[in-house]
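Heads up: the structure comes next, in structure tokens.
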Amino acid sequence: MKFNLYNINNQSKSIRLLIGLGALLFLSGCWLDASAHTYIGGDLNSFFTPWHAVLYSGYVILTISILLEKYISKNSSWDMGFLGITIFGIGGVSDAIWHTILGIEEGIEALISPSHLFLFIGGFLMLAHIIASQPSKKSLDFSTIISIASIYSLIMFITQFMNPFLSVYEFFFTDWKQELAAGSLFFQALLTNIVFLYILKFNISKKQIVIIYLTSFLLLSIHALLGDQNKMILIILTGFIYSVILIPILHWFFQTKNPLKIQISGALIAATYGGILILYIFISSQFFWETLEIKWRFYGLGGLIFMPGLFGFLIGNLYSKNS
Numbered sequence: 006m007k008f009n010l011y012n013i014n015n016q017s018k019s020i021r022l023l024i025g026l027g028a029l030l031f032l033s034g035c036w037l038d039a040s041a042h043t044y045i046g047g048d049l050n051s052f053f054t055p056w057h058a059v060l061y062s063g064y065v066i067l068t069i070s071i072l073l074e075k076y077i078s079k080n081s082s083w084d085m086g087f088l089g090i091t092i093f094g095i096g097g098v099s100d101a102i103w104h105t106i107l108g109i110e111e112g113i114e115a116l117i118s119p120s121h122l123f124l125f126i127g128g129f130l131m132l133a134h135i136i137a138s139q140p141s142k143k144s145l146d147f148s149t150i151i152s153i154a155s156i157y158s159l160i161m162f163i164t165q166f167m168n169p170f171l172s173v174y175e176f177f178f179t180d181w182k183q184e185l186a187a188g189s190l191f192f193q194a195l196l197t198n199i200v201f202l203y204i205l206k207f208n209i210s211k212k213q214i215v216i217i218y219l220t221s222f223l224l225l226s227i228h229a230l231l232g233d234q235n236k237m238i239l240i241i242l243t244g245f246i247y248s249v250i251l252i253p254i255l256h257w258f259f260q261t262k263n264p265l266k267i268q269i270s271g272a273l274i275a276a277t278y279g280g281i282l283i284l285y286i287f288i289s290s291q292f293f294w295e296t297l298e299i300k301w302r303f304y305g306l307g308g309l310i311f312m313p314g315l316f317g318f319l320i321g322n323l324y325s326k327n328s
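6 is the number of the first residue of the sequence shown in the numbering used here; add one for each residue after it.
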């Protein structure tokens with residue numbers, strides 16, 4: 006069997022739709038599993054759970070779609086999709102054995118155990134395959150957009166211990182948690198900027214960019230599903246507000262001929278992320294953490310907007326159409 010990781014093309018709209026839905030179900034299962042580990046924790050005692058069922062249902066749909074692709078195109082070479090299926094399958098079996106022998110992990114260990122690292126690699130390859138097999142290079146279809154959003158979400162999933170929307174309580178303390186709070190914001194804001202630079206490699210529209218960021222927030226909100234539905238609703242609301250604010254920024258980006266438009270737009274996207282987090286913090290303090298006082302003063306909160314914007318501008322200088 007030959008290795009042919011990139012030369013793939015899928016013209017079947019039905020298979021493309023199926024593979025996109027599989028990606029959504031797969032990521033939804035990942036975040037649902039994270040919700041279980043967070044809110045149920047020590048009560049988990051089995052590999053066979055409803056959230057694993059959702060996750061692996063997404064994997065099955067992706068597997069069927071990718072194999073149908075190969076069958077129809079009569080492609081017998083190893084591509085990213087087939088490699089991802091194999092690695093994820095090995096990871097799934099080893100994860101079941103791991104849980105049976107060593108039990109269910111808690112905390113950060115649940116993210117970086119050997120079996121889960123196999124799952125992450127396999128997941129990334131399957132999602133990357135969706136992008137590589139897009140039917141047209143001139144425009145992006147639904148499945149490609151969902152795949153980009155899913156890859157972004159999977160990175161957020163792996164680094165969820167550094168996500169300010171999931172650990173907003175850190176902003177209500179003055180000890181070492183304050184450092185972690187600022188660091189988590191800077192990391193995730195930079196990630197929004199890196200995603201922006203990445204998607205500029207494609208012939209992408211303003212609407213599609215907004216969908217990618219909104220989808221990432223919708224998937225992130227699933228983390229709170231099994232324990233804090235109010236928090237889930239607030240994350241969704243924040244995601245919609247962020248998406249609406251992005252519209253004029255992206256409109257300017259696609260219309261202007263300013264030579265610094267990538268740097269400026271990247272700065273605004275990252276700074277806006279910091280801004281909506283502040284909104285999220287204040288809403289949380291009024292409705293969910295009313296017994297605690299926000300320890301950050303106005304200039305500190307302003308820095309949560311300015312610094313991501315500065316980093317976003319500087320990272321924009323790294324962009325190259327040929328890279």
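Backbone N, C-alpha and C fix where the C-beta goes; we use that ideal spot for every residue, glycine too.
How about the region 117–134 and the region 184–204: do they share at least three Cβ pairs that are nearer than 8 Å?
-> no
Going by DSSP, name the residue or residues bridged to W103.
-> Here residue 103 refers to the residue found at position 98 of the sequence shown. Answer is none; W103 lacks a bridge partner.
Considering only residues of the region 200–237, which uninterrupted alpha helix (DSSP H) runs meet the minimum length of 4 residues and lie entirely inside it, listed in chain order?
-> 211–226
Pull up the CB-CB distance for I92 and I24, whole angstroms please, since I reckon it's below 8 Å.
-> Against the sequence shown, residue 92 aligns to sequence position 87. Against the sequence shown, residue 24 aligns to sequence position 19. Their Cβ separation, rounded to whole angstroms, is 17 Å, which puts I92 and I24 out of contact at 8 Å.
Excluding sequence positions up to five away, which residues of its chain have a Cβ less than 7 Å from the Cβ of K182?
-> Here residue 182 refers to the residue found at position 177 of the sequence shown. Excluding positions up to five away in sequence, the list reads E175.
Grab me the residues of F316's own chain with a C-beta within less than 6 Å of its C-beta, minus the 5 sequence neighbours each way, in chain order.
-> For the purposes of this step, residue 316 is taken as residue 311 along the sequence shown, with counting starting at 1. Hits under 6 Å: L195.
Any idea if F311 is buried or exposed, counting beta-carbon neighbours within 10 angstroms, 16 or more meaning buried?
-> Residue 311 sits at position 306 when you count from the first residue of the sequence shown. It counts as exposed.
The alpha helix (DSSP H) with Q291 in it runs from where to where?
-> Looking up residue 291 in the sequence shown gives position 286. First-last of the alpha helix (DSSP H) with Q291: K266 to F292.
Contacting residues, own chain, Cβ-Cβ under 8 Å from L273 (five flanking each side not counted) | Locating residue 273 in the sequence shown gives position 268, where the first residue counts as 1. Counting only Cβ-Cβ distances below 8 Å, and skipping sequence neighbours, we find I254, G314 and G317.
Option nearest E114 by Cα separation, candidates H42, I269 and S19 = In the sequence shown, counting from the first residue as 1, residue 114 sits at position 109. Measuring from the Cα of E114, the nearest candidate turns out to be H42.
Smallest Cα separation from I320: which of S141, L202 and G34?
-> Position 315 of the sequence shown, counted from the first residue, corresponds to residue 320. When each option's Cα is compared against that of I320, the closest is L202.
Got a sec, what are the start and stop residues for the alpha helix (DSSP H) D146 sits in?
-> Along the sequence shown, one-based indexing puts residue 146 at 141. From DSSP, D146 is part of no alpha helix (DSSP H); its letter is neither H nor E.
With M167 as the anchor, note down where its alpha helix (DSSP H) starts and where it stops.
-> Residue numbering aside, residue 167 sits at position 162 when the sequence shown is read from its first letter. Looking at the DSSP string, M167 is not in any alpha helix (DSSP H), and its letter there is neither H nor E.
Y44 versus L231, F245 and S248, residue with shortest Cα-Cα distance | By one-based count along the sequence shown, residue 44 stands at place 39. Comparing Cα-Cα distances from Y44 to each of L231, F245 and S248, the minimum goes to L231.
Exposed or buried, which one is P119 when buried takes at least 16 other CB atoms within 10 Å?
-> On the sequence shown, position 114 is the one that residue 119 refers to. It counts as exposed.
Take V173 and list the residues in its own chain whose beta-carbon comes closer than 7 Å to its own, dropping the five residues that flank it on each side.
-> Taking the first residue of the sequence shown as position 1, residue 173 is located at position 168. Excluding sequence neighbours, V173 sits near Y285, I286 and S289.
Helix, strand or coil at I113 according to DSSP, with G and I counted as helix | In the sequence shown, residue 113 corresponds to position 108, counting from 1. In this structure, I113 counts as coil in the three-state DSSP scheme.
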